[in-house]
Amino acid sequence: MSSILTTNDNSPSRRRARPRFSQRLCTDTRPTTSGTDIASQEVVGAISESRGISPTVGLAFVNLSTSEAVLCQICDSNSYARTINKLAVFEPTELLFMNTASARQTMLYDTIQNNIPDLIISSIDRRYWSDRASQEYVDKLAFPEELESIRGSLESHYFAACCLAALNYIPTLFFDGVLKYIELQLDMTFTFHSLRIKFEASQGSMMIDLSTAASLELIQNLQKAKSRDCLFGLLNETQTPMGSRLLRTNILQPPTEQEKIAARYDAVEELSTKEDMFYAIREALKNFIDADKVLTSIALNPVRLSIAHVEQSVNHVVMLKSYVYSILPIYEALAGANSTLLIKIKDACATGNYELIKNAIDETLNDDVVYQRKPLDLRNQRTYAVKTGVNSLLDVARQAYKESNADAAELVSVLSERHNLTLELKYDTARSYYISLSAFELEGALPDEFINVIKRRDRIECQTLDLVKLNQRIADSHHEVISMSDQAVQELLEKICEGVPSLFRISEAIATLDMLSAFAHLVTIQEYVRPEITDVLAIKSGRHPLHEKILKDKFVPNDTYASQQSRFQIITGCNMSGKSTYIRSIALTAIMAHIGCFVPADYASFPIIHQLFARAATVDEINASVSTFAGEMREISYILRNVDGRSLIIVDELGRGTSTTDGLAIAIAIAEALVDSHAFVWFATHFRDLACIMAERSGVINLSLAVKLSHESSKMTMLYKIQEGHVQEKFYGLALAKVLPFPPQVLEVAQQVSTHLYRIAEDRAISSKVLGASRKRNLVLQLREQLLQAHNGNIDGEDLRQWLKRLQDDFAVRMAALEAGDDMSPVEDGVLDDGKNEEHFTVGQAQDAKSDKDSFEPVEEFDRTMPAESVDLVSQEDAEEQMWDI
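Residue numbers (the working numbering): 84 to 969.
Below, the structure is given as structure tokens:
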């Protein structure tokens with residue numbers, strides 16, 4: 084295999100990850116599907132890309148836990164943002180690269196390693212990436228009724244097809260040709276036409292990158308990994324493992340198809356308003372096992388049979404019986420459904436879709452056999468699963484098994500009487516039968532015939548030699564029963580495999596219904612409202628879904644409105660005023676709206692959002708020893724490369740990791756770029772200058788979180804209410820510090836320094852205003868002088884008209900510059916400079932116009948020859964009045 088497979092052995096998790104797949108061969112025959120955890124899924128994948136400036140990336144993922152394969156082909160950018168997003172959604176345990184790609188350390192390879200450093204990457208030879216091979220294995224493994232559509236998808240998506248083929252050949256990876264991987268590593272093969280193969284388009288879902296998912300706490304709480312205080316924990320009121328997995332996928336990859344979203348709204352609304360239907364569905368969902376796991380286990384066959392596999396086969400058919408019998412209550416509960424989506428789910432659960440399988444199960448298994456969880460009940464379940472009368476020798480073996488169990492009970496009863504002790508017969512998988520007694524009841528030492536003694540607090544566990552022998556006899560009888568039952572079970576499995584595709588489709592329908600019922604459950608316990616899909620983002624009395632759950636009635640709701648005329652919203656406010664909570668609530672409710680869930684508000688409407696970005700500090704960023712500024716710039720750079728007009732962006736305190744001047748400059752530049760992108764942006768900042776500078780830009784509005792500050796009592800009251808305009812309060816940092824246990828002398832010095840700096844800034848502002856007024860007055864006086872010269876001069880007609888026009892334009896430009904605060908030319912100081920610049924305009928204009936038929940020759944001559952006494956010297960106030968008279 085070394086000639087085929089190469090692995091990046093530098094990965095620190097390489098040795099840990101390998102046993103994950105081998106766990107499927109564990110000899111413990113207790114089924115584990117009922118408690119499936121999302122993190123325990125075994126997902127493997129392959130990736131390839133085209134050559135060119137804008138790469139096309141092919142991806143193939145297979146979930147070995149649920150027998151599902153997904154193909155993707157993405158037209159990505161050079162940052163591979165969508166590719167990383169897909170990898171984050173599916174979380175493969177191992178990823179296959181073409182060996183030439185990993186050897187050259189391409190940009191794709193480096194990007195994946197930088198963003199997902201713990202991912203195991205293996206590589207195989209280029210010759211194994213064949214689209215033709217993928218077609219062959221699709222023909223063998225795909226559901227028959229879906230073959231044509233899958234073939235069409237593969238023909239038009241070459242790179243995804245190549246990944247499909249590569250996964251077949253690699254012995255540590257898997258996909259449609261799963262045969263090689265299963266046969267060589269797990270000693271198992273897939274039953275033909277039992278693999279769910281789907282093609283997932285690159286469009287049709289919102290892109291949420293890894294950093295955004297982490298900072299918004301979509302799947303995991305930043306402080307406590309096991310806490311339910313995250314969006315997934317809030318929404319996960321599902322009752323089946325299938326529904327929980329579907330919910331997680333939707334949160335990380337919300338749909339963007341308006342019809343699909345609207346159909347979910349209709350279903351949730353119907354479930355939340357029809358109480359009887361809702362409770363009937365919730366009650367029926369409680370009985371479901373992990374159907375995907377069971378069906379996958381049935382589809383996998385070992386190359387070499389063992390007693391462990393035979394036992395598991397019996398477990399699986401019993402669990403399948405439980406699954407099949409749980410479908411009918413769902414169908415009956417949906418009898419009065421009116422929404423399109425609920426009707427589709429009901430039709431999928433119709434009896435005709437699984438009746439043949441149900442009849443085959445009823446013909447083989449006992450009517451009273453049910454799925455069990457306790458070890459002894461499991462063993463008895465396997466022993467008596469097959470109906471009596473199918474095999475006479477099987478009935479004899481069962482009788483021997485029954486008698487041996489009775490002998491064990493009798494033995495314990497005899498021992499109890501002999502030693503005058505209260506002995507109990509217990510069972511576990513490792514020891515089979517053992518004896519348990521109270522430690523307080525035993526006065527002396529245990530009799531010598533008791534062996535394998537274990538003390539557990541107030542209990543003593545032990546065995547006797549006779550009990551050990553009985554355990555062996557019972558085990559032999561059990562194995563004999565299982566072996567005799569195997570023929571009937573295998574015949575049943577052959578019949579079941581024909582209906583696996585329909586059972587998988589029913590499982591998908593159940594998962595969707597479970598997720599929708601979870602959304603409806605939230606509507607019944609929370610004041611959520613159905614969103615609308617429009618061109619604007621409008622939220623009336625919106626609330627942060629997670630904080631509302633914690634604070635309950637104390638949470639202060641806020642309004643939000645954004646259109647193209649108000650697409651960039653700058654949020655200012657003092658520390659702890661609620662800026663971060665406000666902007667995060669917008670992003671979280673947008674995700675909830677896109678997955679079909681109602682949102683915490685009195686009214687809400689959202690446009691279809693294709694990309695969601697969040698720039699906020701996370702715990703991971705700190706733990707990774709990344710400087711605040713470096714982390715900010717890296718994430719903002721990523722956002723700027725991928726943002727478009729259908730994006731929603733929240734930025735929290737950009738530029739705080741560097742100097743104030745540099746931070747403000749960078750924040751302004753980034754804000755300008757985001758305004759030009761036409762995306763919806765909420766920009767929380769402490770830079771009040773940013774709000775002032777950007778205020779006049781089209782599409783920009785200023786908002787702030789209200790704070791009530793009392794300077795007399797040094798009290799600060801957070802109102803947590805959004806309002807128009809940027810924050811006006813000064814010294815709120817000091818006011819907040821006074822609330823905390825700071826030494827008084829420190830606060831006193833801080834107050835003095837702050838007051839002094841503020842006065843300096845005010846003096847500068849006043850000086851700037853005085854200087855600006857003086858320069859405006861000088862400019863007006865200079866205009867007066869020039870108009871008087873024209874009035875007393877010897878030019879007239881067209882020449883005078885052109886000269887006055889140019890004078891007017893020049894004056895307007897210079898006055899506008901002074902209004903904007905720009906320092907123009909020495910003209911502004913001309914009169915104050917002892918008259919040295921009084922000829923600046925006329926001479927300059929004459930020089931610029933020499934080529935224009937000497938039009939301004941009279942002006943230049945006039946400027947040089949005009950006697951000084953021809954212009955009266957007056958005060959500035961009188962000069963201004965005379966200028967307007969002229």
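Using N, Cα and C, we set each Cβ at its ideal position, and we do this for glycine too. Computed from a prediction, not measured in an experiment: that's the story for all the values here.
Where does residue 418 fall in DSSP's three states?
Reading the sequence shown from its first residue, position 335 is the one you call residue 418. Three-state result, residue 418: coil.
Assign residue 510 to one of three DSSP states: helix, strand, or coil.
Counting from one through the sequence shown, the residue named residue 510 turns up at place 427. Residue 510: strand per DSSP, three-state reduction.
Could you tell me whether the Cβ atoms of residue 318 and residue 605 are closer together than 8 Å?
As a working mapping, residue 318 is identified with position 235 in the sequence shown. As a working mapping, residue 605 is identified with position 522 in the sequence shown. Contact: yes.
Check for me: the beta strand (DSSP E) holding residue 623 runs from which residue to which?
For the purposes of this step, residue 623 is taken as the residue at position 540 of the sequence shown. Element bounds for residue 623: 620 to 625.
Per DSSP, which residues does residue 517 bridge with? Please list them.
Within the sequence shown, the letter at position 434 stands for residue 517. Residue 517 is bridged to 509.
Can you tell me whether residue 876 is helix, strand or coil according to DSSP?
If you number the sequence shown from 1, residue 876 lands on position 793. In the structure shown, residue 876 sits in coil (DSSP, three-state: anything other than H, G, I, E or B).
Determine the burial state of residue 292: buried for a count of at least 16 other Cβ atoms within 10 Å of its Cβ, exposed for fewer.
Translated into positions along the sequence shown, residue 292 becomes position 209. When all chains shown are included, residue 292 counts as buried.
Which first and last residues belong to the beta strand (DSSP E) in which residue 144 is found?
The residue labelled residue 144 in the question sits at position 61 within the sequence shown. Residue 144 -> beta strand (DSSP E) spans 139 to 146.
Enumerate in chain order the residues of its own chain whose CB-to-CB distance from residue 638 is below 8 Å, with the five nearest sequence positions on each side excluded.
On the sequence shown, residue 638 is found 555 positions in, with the first residue counted as 1. Closer than 8 Å at Cβ, skipping near neighbours: 626, 627, 630 and 631.
Rounded distance between the beta-carbons of residue 375 and residue 600, thought under 8 Å
In the sequence shown, counting from the first residue as 1, residue 600 sits at position 517. In the sequence shown, counting from the first residue as 1, residue 375 sits at position 292. Not a contact, Cβ separation roughly 18 Å.
Alpha carbon of residue 243 to alpha carbon of residue 198, nearest angstrom
As a working note, residue 243 is residue 160 in the sequence shown. As a working note, residue 198 is residue 115 in the sequence shown. At residue 243, the pLDDT of 47 sits below 50, so the modelled position is not reliable; the number obtained from the coordinates is stated separately. The straight-line gap from Cα to Cα measures roughly 22 Å.
Straight-line CA distance for residue 672 to residue 381?
One-based indexing of the sequence shown puts residue 672 at position 589. One-based indexing of the sequence shown puts residue 381 at position 298. Rounded to the nearest angstrom, the two C-alpha atoms are 40 Å apart.
Indicate, with yes or no, if the ligand NAD has a heavy atom lying under 7 Å from the CB of residue 451.
Among the components modelled here there is no ligand, and therefore nothing to report on the ligand NAD.
Once the 5 residues before and after residue 350 are set aside, which same chain residues still bring their CB inside 7 Å of it?
Along the sequence shown, one-based indexing puts residue 350 at 267. The answer, listed in chain order, is 422, 424, 425 and 599.
What does a CB cutoff of less than 7 Å around residue 589 pick up in its chain, not counting 5 residues either side in sequence?
Position 506 of the sequence shown, counted from the start, is the residue given in the question as residue 589. Answer for residue 589: 410, 431, 432, 436 and 437, listed in chain order.
Along the chain, where does the beta strand (DSSP E) that runs through residue 715 open and close?
Your numbering for residue 715 matches position 632 in the sequence shown. That residue, residue 715, is in no beta strand (DSSP E); its alpha helix (DSSP H) goes 711 to 725.
Does DSSP put residue 338 in a helix, a strand or coil?
Taking the sequence shown and counting its residues from 1, the one referred to as residue 338 is at position 255. Three-state DSSP puts residue 338 in a strand.
Sheet register partners of residue 686 (DSSP bridge)
Taking the sequence shown and counting its residues from 1, the one referred to as residue 686 is at position 603. The partner list for residue 686 (beta bridge, DSSP) reads 623.
Starting from the C-beta of residue 617, find all residues in its chain whose C-beta is less than 8 Å away, skip the five residues before and the five after it, and write them out in chain order.
Sequence index remark: in the sequence shown, residue 617 carries index 534 (1-based). Excluding residues within five positions, the ones whose Cβ falls inside 8 Å are 688, 689 and 690.
Taking the Cβ atom as the reference point for each residue, do residue 802 and residue 790 lie within a distance shorter than 8 Å?
Translated into positions along the sequence shown, residue 802 becomes position 719. Translated into positions along the sequence shown, residue 790 becomes position 707. A contact, by the Cβ cut-off of 8 Å.
May I have the straight-line CA-CA distance separating residue 552 from residue 467, to the nearest angstrom?
Along the sequence shown, one-based indexing puts residue 552 at 469. Along the sequence shown, one-based indexing puts residue 467 at 384. Distance between the alpha carbons of residue 552 and residue 467: 23 Å.
Considering Cα atoms alone, identify which of 656, 832, 857 and 725 is closest to residue 805.
The sequence position of residue 805 within the sequence shown is 722, counting from 1. Ranking 656, 832, 857 and 725 by Cα distance to residue 805 puts 656 first.
Alpha carbons only, please: which of 159, 126 and 133 is nearest the one belonging to residue 143?
Indexing the sequence shown from 1 puts residue 143 at position 60. Comparing Cα-Cα distances from residue 143 to each of 159, 126 and 133, the minimum goes to 126.
Please report the distance separating the alpha-carbon of residue 227 from that of residue 278.
Residue 227 sits at position 144 when you count from the first residue of the sequence shown. Residue 278 sits at position 195 when you count from the first residue of the sequence shown. Roughly 10 Å between the two C-alpha positions.
Rounded C-beta distance between residue 719 and residue 698? I'm assuming under 8 Å.
Translated into positions along the sequence shown, residue 719 becomes position 636. Translated into positions along the sequence shown, residue 698 becomes position 615. Contact holds; Cβ gap of about 6 Å.
Please say whether residue 537 and residue 525 have beta carbons closer to each other than 8 Å?
As a first step, residue 525 must be located in the sequence shown, where it is residue number 442. As a first step, residue 537 must be located in the sequence shown, where it is residue number 454. Their beta carbons are not under 8 Å apart, which means residue 525 does not touch residue 537 by this criterion.
Once you ignore the five residues that flank residue 92 on each side, which residues in its own chain have a CB closer than 7 Å to its CB?
By one-based count along the sequence shown, residue 92 stands at place 9. The predicted model places residue 92 with a pLDDT of 45, which falls under 50 and marks its position as unreliable; any figure quoted below should be read in that light. Taken in chain order, the list of residues that qualify is empty.
For residue 542: DSSP bridge partner residues
Against the sequence shown, residue 542 aligns to sequence position 459. Paired residue(s): 521 and 539.
Assess contact between the region 355 to 362 and the region 300 to 320, defined as three or more Cβ pairs (one per stretch) separated by less than 8 Å. Is contact present?
no
By DSSP, does residue 695 sit in helix, in strand, or in coil?
As a working note, residue 695 is residue 612 in the sequence shown. Reduced to three states, the DSSP call for residue 695 is strand.
Residue 508 and residue 549 closer than 8 Å at C-beta:
By 1-based counting over the sequence shown, the position of residue 508 is 425. By 1-based counting over the sequence shown, the position of residue 549 is 466. Not closer than 8 Å, so no.
Going by alpha carbons, who is nearest to residue 428 out of 540, 457, 596 and 153?
Looking up residue 428 in the sequence shown gives position 345. Answer by Cα proximity: 596.
Between the alpha carbons of residue 451 and residue 407, how many angstroms are there, rounded?
On the sequence shown, residue 451 is found 368 positions in, with the first residue counted as 1. On the sequence shown, residue 407 is found 324 positions in, with the first residue counted as 1. In a straight line, the C-alpha of residue 451 is about 15 Å away from that of residue 407.
What is the C-beta distance between residue 182 and residue 206, in whole angstroms, given that I count them as a contact (C-beta under 8 Å)?
One-based indexing of the sequence shown puts residue 182 at position 99. One-based indexing of the sequence shown puts residue 206 at position 123. So it is a contact: roughly 4 Å between Cβ atoms.
Pick helix, strand or coil for residue 471, following the three-state DSSP scheme.
Against the sequence shown, residue 471 aligns to sequence position 388. If DSSP states are grouped into helix, strand and coil, residue 471 belongs with coil.
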